[in-house]
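Scroll down for the structure; my scribbles are underneath it.
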């Protein structure tokens, strides 16, 4: 990573040419950030379109910082804030107000003021968070060394709903749109040996498929009340 060099624009251009190349997280240096890639079930059409978007973005790209590491850090902060904003919007609409204090400007500025070697070490899990939460949360949580996961629940869910997922593949909206390859998607959904690293991409794919299906079944959102314009006609002659 130290010897790689290159501009952010060159990194994006190179990523466009490797869009179908998949590697396990952490197996390659991140340089300007995690390299974007498509899952195995993405269609050739989707790969070509995304590669073209990356090349177009590379022509006018401006990094968030001159240093690749700091750029990647700030990009991750923005992504976290974007996700928190979407969550807040969705939950507030359902009557459940949500706050994300870790995304406050003061917190992010404090994190950016810390030396990189103090923000992440091989011997402590999330040292900044552990230090900030020391005395506020139970000690075992502060001293943990890994992040928990729901892998067993994920694979149990895939197994329990295998028949439904097979039916989804047969009538997939993503496949119909040319975004996903039907055979590869079916293999990913029904294969018992699915690698855990493919789970996030598959979860996003299923979420998008579910959204498209719901949109097709309910083109008019349930919260919109049909209005009969004949009851209150609009006066088109008024100025």
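Numbering (the numbering used here), first residue to last: 167 to 405. Where a beta carbon is used, it is the ideal one built from N, C-alpha and C, also for glycine. Since the structure is predicted, the reported quantities are computational estimates derived from the model, not experimental observations.
Contacts around residue 328, its chain only, beta-carbon distance under 7 Å, and the 5 residues preceding and following it disregarded: Correct list, in chain order: 356.
First and last residue of the uninterrupted alpha helix (DSSP H) at residue 283: 282-285
Residue burial classification, residue 182 (beta-carbon count within 10 angstroms, cutoff 16): buried
Coil, strand or helix - residue 308 by DSSP: helix
Collapsed DSSP secondary structure at residue 346 in the structure displayed: strand
Selected residue, minimal CA-CA separation from residue 321, among 268, 391, 186 and 366: 366
Paired residues, beta bridge with residue 386 - DSSP: BP columns for residue 386 are empty, so no partner.
DSSP-derived helix/strand/coil call for residue 265: coil
Contacting residues, own chain, Cβ-Cβ under 7 Å from residue 231 (five flanking each side not counted): 237 and 240
C-beta atoms of residue 227 and residue 175 nearer than 7 Å: yes
Check whether residue 234 and residue 197 have beta carbons under 7 Å apart: yes
Residue 247 beta carbon less than 7 Å from that of residue 269: Taking C-beta atoms as the reference points, residue 269 and residue 247 count as a pair closer than 7 Å.
Residue 375, buried or exposed, once every other Cβ within 10 Å from all chains shown has been counted against 16: buried
Nearest residue (CA-CA) to residue 311, options 290, 298, 295 and 387: 290
Continuous alpha helix (DSSP H) stretch holding residue 241: start and end: 234-259
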